[in-house]
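Asks: Residues in the sequence shown are numbered from 4 upward in steps of one, following the working numbering.
Cβ atoms here follow ideal geometry from the backbone N, Cα and C, with glycine treated the same way.
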Amino acid sequence: MFPYCKLKENDIKAYYGKLTIEDVEASLEKDQISFTDFMNLVSPAALPLIDRMREKASAVKKMYFGKTIRFYAPLYISNYCVNDCVYCGFRRTFKADRRRLSLQEILTEAEVIRGYGIDSLLLVSGEDPKAVSVSFLEEVVAELKKMFSYISIEIYPMDENGYRRLFNAGVHGLTMFQETYDSELYDKLHSGPKKNYEGRLKAPADGARAGFYNIGLGVLLGLYDWHIEAISMAAHALWLRKHFWKSKVQFSFPRITPVEGSFETPYPVSELELEQLLLAFRIFFRESDLYLSTRENADFRKRMSMTCVSHISAASKVIPGSYAVNVDKGLGQFTVKDKSSVAEIASQLEIEGLEPVFKDWDNCFGTGIKNDSLKTA
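1. Would you mind working out which of Ala349, Tyr270, Ile286, Tyr227 sits nearest Tyr189, comparing C-alpha positions?
2. By Cβ distance below 7 Å, which residues in the same chain neighbour Pro271 in space, the five residues on each side in sequence not counted?
3. Exposed or buried, which one is Tyr67 when buried takes at least 16 other CB atoms within 10 Å?
4. For Thr183, does the count of other Cβ atoms within 10 angstroms reach 16, so buried, or fall short, so exposed?
5. On the CB-based measure, 16 or more other CB atoms within 10 Å of its CB, does Asp209 come out buried or exposed?
6. Is the number of C-beta pairs between the stretch 212-221 and the stretch 27-45 that are closer than 8 Å three or more?
7. Have a look at Ser343 and Leu277 and give me their C-alpha separation to the nearest angstrom.
8. In whole angstroms, what separates the C-alpha of Lys70 from that of Arg103?
9. In or out: His230 buried (at least 16 other Cβ within 10 Å) or exposed?
10. Buried or exposed for Leu275, going by 16 or more other Cβ atoms inside 10 Å?
11. State the Cα-Cα distance for the pair Met161 and Pro132, rounded to the nearest angstrom.
12. How many Å lie between Trp385 and Val328 at the Cα?
13. Counting C-beta neighbours from all protein chains within 10 Å, is the total for Asp122 16 or more, i.e. buried, or is it exposed?
14. For His3, name the three-state secondary structure that DSSP assigns.
15. Under the three-state reduction of DSSP, which class applies to Gln181: helix, strand or coil?
16. Identify the residues that DSSP records as bridge partners of Glu267: which are they?
17. Check whether the stretch 52-63 and the stretch 75-84 are in contact - that is, three or more C-beta pairs closer than 8 Å.
18. Measuring only the C-alpha atoms, how far is Arg168 from Gly195?
19. Taking all protein chains shown into account, do 16 or more other C-beta atoms lie within 10 angstroms of the C-beta of Asp292, making it buried, or fewer, making it exposed?
20. Could you tell me whether the Cβ atoms of Ser152 and Gly176 are closer together than 8 Å?
21. Which residues mark the beginning and the end of the beta strand (DSSP E) in which Lys251 is found?
22. Is Ala99 helix, strand or coil when you go by DSSP?
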């Protein structure tokens, strides 16, 4: 459990043992739901009411996001990693070619992504501070911000000073997956520097202190009971909101996908359960950004875009260097299920009445920099 959550896992299980479908219905009737109502919506008792959850989540999404669905793309710059996470394609003990892109190679990759029309970039790397140093990232971001309006990072945990250097360089957001909030399980799954549960847990707060506008949370669904993980992640988000109100909390929902090494998922999450989770987060975190990656199939992502998700990745490549050179084999972090092109995804969403958005940020936001395009005569 998230350490600052007042509830313990046994408390939640005891509560769920008494929860009825009528309790869930009462939660769905409310205009504004409480944390207890959120717990009801992610409970096993809520699954038979999935249709009503779809209706409510759709109404909430339309209220706060209209018909828009926002696009982003990940750019993997390195698959070097000092950790040996048993579920990950980047784990240290895998005998595979490792690569860290040069600055020029990164810019070449970025040009391909920019050519798709996408203006929001997520920089991703394996966790190896020597291969991808803060200084190298500063150099990379200095060039990429000339091409993209919004840049976020998903890399190894840093201290506040490291994050501040990247914020000052032009990074807007940080994503840090806790993987699992169960500390005992976390210890068993991880070796290397990532074994530090508390250090990873405090990284989002350090990022918020450094000034990042957006802080992304996530758990790797399938490592543990998703109902418990959902409650922990929600509690973590509320804690961050309370202490770092200037930063906006976002959420990602990655499920374990097949990787080299044949890791067996201990707590499989079905597509319907993932949908329930997404709907519950949309209903409770009404204005928050919900991200869904190409780990999921095209049809599911389209349906979730209509009811709850605000951001999706498109045409993602998870092997460093594979945008510029179409590489399908190599050491990737996970298995891509939706291999549709950006144009194909956008077209399908438009058929459903949605409006694909490729830019929703400008560098003048929050910086004090004047943007001539905003001037009036």
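Replies: Let me lay it out:
1. Tyr227
2. Gly225
3. Under this definition Tyr67 is an exposed residue.
4. With 16 or more Cβ atoms within 10 Å of its Cβ, Thr183 is classed as buried.
5. Taking every protein chain shown into account, the CB of Asp209 has 16 or more other CB atoms within 10 angstroms, so this residue is buried.
6. no
7. 21 Å
8. 38 Å
9. Buried, because 16 or more other Cβ atoms sit within 10 Å of the Cβ of His230.
10. exposed
11. Spanning the two alpha carbons is a distance of roughly 9 Å.
12. With the chain running from 4 to 380 in the structure shown, residue 385 is simply not present.
13. Asp122 comes out buried.
14. Nothing about residue 3 can be read from this structure; the chain reaches only from 4 to 380.
15. strand
16. DSSP, once it has assigned bridges, lists no residue as partnering Glu267.
17. no
18. 25 Å
19. So Asp292 ends up on the buried side.
20. no
21. 251-255
22. coil
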